[in-house]
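Residue numbers (our numbering): 4 to 137. Note that the Cβ used here is the ideal one computed from N, Cα and C, for glycine as well. Here the structure comes first, spelled out in C-alpha cells, and everything after it is commentary.
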C-alpha cells in the first residue's frame, strides 16, 4: 500500500485559486495519495488572536510530512507565509517551493527557505514531496 502524504501548503488567501489549482494538480495523480493540513479560507480559525492561530497552525505542521510553499511574488509580502515556513523549519520539516504556472519571478522569501524549488508540474512536485518528506 502506498504511503499517504500529509501536505501543508503555505499560501496566500488572496490567491486561493492557486491553492485549489495546486491541490487539483497533485490529486490528478491517482497513484499519489495525499491529504492536506493547511488552514483554508473557507474554514478559518475562529479567532483574531495571533497566538491561537499560531498554535493551530503549529499543530497542523506537526501532523505534516512536508510543506509546499506557493512561490508567487506575493509570498514576499505575506507575514503568515513567512512565519509558517520558519515554523516548519523549526519543526524539522522541509519546505518545497512551488513556482506557480507561468511565473518568471518567484518570492525570495520562499527561495531563501526552501530545500528545493520546482515548477508547476505534477511529476516534479510529487518527486520533490517523496524526496523531502519525513
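Cβ-based neighbour list, residue 41, same chain, cut-off 6 Å, excluding 5 preceding and 5 following: The residue labelled residue 41 in the question sits at position 38 within the chain shown. The residues are 11, 12.
Inter-residue CB distance, residue 28 and residue 128 (contact presumed, cutoff 8 Å): Along the chain shown, read from residue 1 onward, the residue named residue 28 stands at position 25. Along the chain shown, read from residue 1 onward, the residue named residue 128 stands at position 125. Residue 28 to residue 128, Cβ: 7 Å. Contact.
Alpha carbon of residue 126 to alpha carbon of residue 35, nearest angstrom: Position 123 of the chain shown, counted from the start, is the residue given in the question as residue 126. Position 32 of the chain shown, counted from the start, is the residue given in the question as residue 35. One C-alpha to the other measures close to 10 Å.
Three or more C-beta pairs below 8 Å linking the segment 48-68 and the segment 108-128: Too few Cβ pairs lie closer than 8 Å, so no.
Boundaries of the beta strand (DSSP E) in which residue 38 is found, first to last residue: Residue mapping note: residue 38 aligns to position 35 of the chain shown, counting from 1. Looking at the DSSP string, the run of the beta strand (DSSP E) that includes residue 38 is 37-39.
Between the CA atoms of residue 123 and residue 82 - distance to the nearest angstrom: Residue mapping note: residue 82 aligns to position 79 of the chain shown, counting from 1. Residue mapping note: residue 123 aligns to position 120 of the chain shown, counting from 1. Distance between the alpha carbons of residue 82 and residue 123: 24 Å.
Beta-ladder partner(s) of residue 8, from DSSP: Locating residue 8 in the chain shown gives position 5, where the first residue counts as 1. Paired residue(s): 37.
Where residue 67 falls: helix, strand or coil (DSSP): Residue 67 sits at position 64 when you count from the first residue of the chain shown. Correct three-state label for residue 67: coil.
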